[in-house]
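Q:
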Amino acid sequence: MRYERPETITDATALLENAPDRAFVLAGGTDLLVRMQNDDFEAELVVDIKSIAGMTEISETQDAFVVGAGVPCAALSENAALVAAWPGVVEAANLIGSTQIQGRCTMAGNLCNASPAADSVPALVAAGAQVRIAGPSGLRTAAVEDVPQSPGKTSLKKGEFIEAIELAKPGPRSGDAYLRFIPRTEMDIAVVGVGVRLVLDDAGVVTSARIALGAVGPKVLLVKEAADAVIGTGLDDAALDALATACSDAATPIDDKRGTVEFRKEVAGVLARRAARIAYTRAGGSQ
Amino acid sequence: MSFDATHQKEQFKSVGTRPLRPDGVDKVTGRARYGADFNMPGQLVARVLRSPHAHARIVKIDTTRAEAVKGVKAVVTADDLPDLTNGDAALFAILDNCMARTKALYDGHAVAAVAAIDEKAAKQALKLIDVEYEVLPHVVDVDAAMAPDAPVLNDAIFTEGVTPKPDTASNVANRSEFGHGDVEAGFEAADFIVERSYKTGQTHQGYIEPHACVASCNPDGTAELWVCTQGHFVYRQNCADLLGLEVSKLRVTSSEIGGGFGGKTHVWAEPVALALSRKAGRPVKLVMSREEVFRASGPTSATSIDVKIGARKDGRITAATATLRYTSGPYPDMWAELGAMTSFACYDLENVKTVGFEVVVNRPKVAAYRAPSAPMAAFAVESAVDELAHKIGMDAVAFRIKNAAKEGTKSSYGPVYGPIGIGPTLEAAKAHPHMSAPLRENQGRGMACGFWFNFGGQTCTDLNINADGTVTLAVGTVDVGGSRASLSLIAAEELGIEYQDVKAVVADTATLGYNDMTDGSRGTFSSSMATISAARNAVEIMRQRAALMWDIPVEDIYWEDGHAKAAGSKYGNLAPLSVKDIAAESGNTGGPIAGHSELVADGAGVSFATHICDVEVDPETGSTRIVRYTVIQDAGKAVHPSYVEGQYQGGAAQGIGWALNEEYIYGDDGRLQNPGFLDYRIPVCSDLPMIDTQILEIPNPNHPYGVRGVGETSIVPPLAAIANAVSNAAGVRMSHIPMSPPRILAALKDAKG
């Protein structure tokens, strides 16, 4: 196995472009290093991107937060501006693994691992986050929801890797939240995850909503019907019921060792209702 | 010298205090050496090839390509472990489980193993072992395995314990029955009857340290094994038997142990490591991965249990029956029998009958797990007892107190009890502030009782008094829960010296006589008895040495407070001689001073506990949180109360995991779906409240200090206590363990209709 630690994006994309099939990007390593322990897993090339300038920094532009691909999730919660702007995203990222894991793991890695149960992903999708993708032919951006395709598969092309995640600076009266269901209290993997982002008008009516579900399908689901159920409402009980039904209906889970179809569909609705209430309160609404 | 083990001592100086454990600093600084921490020069790395099939005939194994891999020094199959078991079925089961002979009987069953100079070569070689399987139909569920059309695992199994003996083979290995009285008449006399069926999933002990050993077979026919085990003498015997070694030629040293809970009372990898070493002519290190630990070691039985209990309006139970079906993996044992014995052990019953069926299935060979078989039986019985109390309209504790066994009760499994703790633990529960604490919305309280036999067994101990008066204690029971501290306290107590002046070690198999393993809650019970005996023998010698030093008759010297004292006024001016004084002169008075003891520690007092538990159930998700938990258990005499409390808490923690989330999940293909700690969910710290404990001390009449084993009973009540609490919190009676959120939510929806 070859280990490389390029210092520029160009070097990294060149390495990946010319790499054998079993090439992997290393950011936090909390998924990759675990997989490497497995007898059936062999890596031929590992490209560690953390030495590339800017990769482990959170920077701000006029309109957005730019979270480098190597930023550990624990660092997100130390950025007061980011926490104030996107508390749901930061909370989601800090549900991953354990305290020790959070010191290494990254949101970009969480996204590229392409697990349908990834905690930060529904929150990022609800937030409308974009990813900056570096590749042999330059930089492109994509919506977070367009990256994962199915368990373990992303839309990234050979030679590409995620350089950063962009979160737009929210306007007034907006709020987000993420909740997941796990059988334990921590160090577990989502059986259902729900990310909600709401924008309100001065009267407390929802003007814009994005609701994303995790772990209830082969990839994260952005549920338009759920958003429609709350837009134009003051998040009253009827709206919450409609939201829960829309989420339960949209969920397409499987029966597996982590939960049943029936359970996941039901709990998707329950968590959507609870997360929406939190997001609504954060947006300044009062029920 | 004859040893009087009857309970006499009431006042203690060292016993009952809480000094730091002697192995503590090494453990918290990482110096302690566990199974995988031992290395030998030239050692090879071993890897095991395991069956991916739940049930398959092994048609052919070709190791040629694997042997050709550079760096590979040995490849072994069943051919390298010839059958030397001479008709001993239990030993053959161990052999066949270590390395499948004609059939792979579960997903993860070892079929071959490799020793190579490094992991890379070993891994590569594993992939080049060609195994031709003929896949057979499999069965993993206990009830399905008993069905007439179930695939039969072993054509030689004809149900034992039924007359006439069946003439067709089945998966039901044996039937056992216990009880007394006339249950039919008892049910006739009942005003209320509860009859229910229950199931429990298969759990793993979940010890944090995987199995690990280093084996070294030497050219002169001797061999050494360094291993993580609960019983190195038993491992020595098993390995010697399977490899055709004389027992004296195999020296086994036990490492520190990162949890066993019964799972390290059985050999798995050790005979394979020895066979590899014998073939390669070099030491071999074999460390199981977590996945291997789950797939191929450990688990307890999955069960299916029917219970029927009847009682009069006044709350007296008139009859009780249970039918218990336990999986044993592919090899029969006595797991159902233990379940049938323990089911109703807490109660004083006129009419009782239990029947156990031992069922073989395509799952790993079942190993002991902390009070093996009792938690599942207690779950079923204590759930039904609770329901019956509700039905009669009696308080759950009062109902149990009314029916509790006491001294003189003929137990449901036969023996008549001596002084026992079930009544006192129930009375303590009744009086405990936990019982009357307020509950919030969606919270419920449950309680349940539990029993375990406890065990004594063969024990051998050496106590050496060094020239400076300090004491070295060599014991043969592996320290799994602080027994070196407890045994040091015992030696200090008996000799009248300071705890700090005693150093206890676990001796290897070449330096001490045979000891049974640390199981059956026997470590501190039996080794403390042997330690007291050895100390008394050493005191005898010290009295003789004092007699020589003083030149007076030994009959005139008595031992008190750590000193030889001259009796009567005749020697009034002689200052008492301390252990240090006598030890300092030992070179001139006959040489080293030591006490030895070998005994069978009979009379392990039975053990009872009552647990109280508050839970909160989220009615929308079925998620259960343990809000408060209290363990009340009889310790006989708590030698080191902190470690007694630790045992109480540990058993409760494991029981909570078992009750709520832990479970072997098999796919339709018979493969284990969750061989890892991500999806086999043992509780994490934040899942548990501080578990409160209350130690009761009802002395065991058969131990000089009144000690009873404490290690196992604490896992018996939790499944039922939590099920009863969930029932009170959410209004649904859960009959299937684990009570995972999907199961609870489904039950809540069913209840709503």
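Protein chains in written order, with the working numbering: chain U, 1 to 287; chain R, 1001 to 1753. Beta carbons: idealized from backbone N, C-alpha and C, even for Gly. Owing to the predicted nature of the structure, the values given are computational and were not obtained by experimental measurement.
DSSP state of glycine 103/U, grouped into three classes?
A: coil
Q: Cβ of valine 1114/R less than 7 angstroms from any chain U Cβ?
A: no
Q: Listed from N- to C-terminal order along the chain, which residues in the region 155 to 185 of chain U have their beta-carbon within a distance smaller than 7 angstroms of any beta-carbon of chain R?
A: For the region 155 to 185 of chain U, the set of residues with a beta-carbon nearer than 7 angstroms to any beta-carbon of chain R comprises Phe181, Pro183, Arg184 and Thr185, in chain order.
Q: Within 8 angstroms, do at least three Cβ pairs link the region 1312 to 1328 of chain R to the region 1342 to 1362 of chain R?
A: yes
Q: Start and end of the alpha helix (DSSP H) containing phenylalanine 1399/R?
A: 1396 to 1403
Q: Interface residues of chain R around threonine 141/U at Cβ under 9 angstroms?
A: Near threonine 141/U there are no residues of chain R at all, since even the closest Cβ is about 33 angstroms away, more than 9 angstroms.
Q: Can glycine 1262/R and proline 1372/R be called in contact, C-beta distance under 7 angstroms?
A: yes
Q: Mapping DSSP to helix, strand and coil, what is leucine 200/U?
A: strand
Q: In the region 1113 to 1161 of chain R, which residue ranges form an unbroken beta strand (DSSP E) of at least 3 residues, counting only runs that do not cross its ends?
A: 1130 to 1135
Q: Let me know if glycine 232/U comes out buried or exposed under the rule of 16 or more other beta-carbons within 10 Å of its beta-carbon.
A: exposed
Q: Is the distance from the Cβ of valine 83/U to the Cβ of leucine 111/U below 7 angstroms?
A: Note that the C-beta distance between valine 83/U and leucine 111/U is not below 7 angstroms.
Q: What are the boundary residues of the alpha helix (DSSP H) that includes proline 1553/R?
A: Counting along the chain, proline 1553/R falls outside any alpha helix (DSSP H), and DSSP gives it neither H nor E.
Q: Ordered along the chain, which non-local residues of its own chain (more than five positions away) have a Cβ less than 7 angstroms from that of asparagine 1362/R?
A: Ala1054, His1055, Leu1105, Tyr1106, His1138, Val1139, Val1140, Leu1153, Pro1330 and Gly1670
Q: Using CA atoms only, rank isn't needed, just tell me which of Glu1337/R, Ala1467/R, Lys1430/R and Ala1100/R is closest to alanine 1296/R.
A: Ala1100/R
Q: Can you grab the Cα-Cα spacing for the pair alanine 1609/R / isoleucine 1422/R, in whole Å?
A: 7 angstroms
Q: Less than 7 angstroms between the C-beta atoms of alanine 27/U and methionine 1/U, yes or no?
A: no
Q: Pick helix, strand or coil for methionine 1/U, following the three-state DSSP scheme.
A: Of the three classes helix, strand and coil, the one that applies to methionine 1/U here is coil, per DSSP.
Q: Measuring CB atoms only, is the region 1709 to 1720 of chain R touching the region 1632 to 1649 of chain R, in the sense that at least three cross pairs come out at less than 8 angstroms?
A: These segments touch.
Q: Return helix, strand or coil for valine 1684/R, following the three-state DSSP convention.
A: If DSSP states are grouped into helix, strand and coil, valine 1684/R belongs with coil.
Q: Run through chain R and tell me which residues come within less than 9 angstroms of aspartate 237/U, C-beta to C-beta.
A: Near aspartate 237/U there are no residues of chain R at all, since even the closest Cβ is about 14 angstroms away, more than 9 angstroms.
Q: Cβ closer than 8 angstroms: which chain U residues qualify as neighbours of proline 1164/R?
A: Those do not exist, as proline 1164/R stays about 43 angstroms from chain U at its closest Cβ, beyond 8 angstroms.
Q: Classify valine 1600/R: buried if its beta carbon has 16 or more other beta carbons within 10 angstroms, exposed otherwise.
A: exposed
Q: DSSP three-state label for aspartate 1062/R, please.
A: strand
Q: Could you compute how far the alpha carbon of alanine 1115/R sits from the alpha carbon of asparagine 79/U?
A: 51 angstroms
Q: What three-state label does DSSP hand histidine 1390/R in the structure shown?
A: Reduced to three states, the DSSP call for histidine 1390/R is helix.
Q: Please report the residue range of the beta strand (DSSP E) in which arginine 1050/R lies.
A: 1044 to 1050 is the extent of the beta strand (DSSP E) around arginine 1050/R.
Q: Compare the C-beta of glycine 259/U against all C-beta atoms of chain R and say whether one is closer than 7 angstroms.
A: yes
Q: May I have the straight-line CA-CA distance separating serine 155/U from methionine 1517/R, to the nearest angstrom?
A: 57 angstroms
Q: At a Cβ threshold of 7 angstroms, is phenylalanine 263/U touching chain R?
A: Yes, phenylalanine 263/U counts as interfacial toward chain R.
Q: Using a C-beta to C-beta distance shorter than 7 angstroms, which residues of chain U count as neighbours of leucine 1286/R?
A: Result: empty, since nearest Cβ-Cβ is about 15 angstroms, beyond 7 angstroms.
Q: Candidates Ala81/U, Phe41/U, Ile52/U and Asn38/U: which alpha carbon is nearest serine 59/U's?
A: Ala81/U
Q: I'd like to confirm the pairing. Which residues does DSSP put opposite valine 1600/R in its beta bridges?
A: Gln1458/R
Q: Can you give the Cα-Cα distance for tyrosine 1133/R and alanine 118/U, rounded to whole angstroms?
A: 38 angstroms
Q: From what residue to what residue does the beta strand (DSSP E) around lysine 1749/R run?
A: Looking at the DSSP string, lysine 1749/R is not in any beta strand (DSSP E); the run it does join, the alpha helix (DSSP H), is 1741 to 1752.
Q: Spell out the partners DSSP gives phenylalanine 65/U in its beta bridges.
A: Glu60/U and Leu167/U
Q: Taking 8 angstroms as the threshold, find out whether the region 1166 to 1180 of chain R comes into contact with the region 1333 to 1343 of chain R through three or more Cβ pairs.
A: yes
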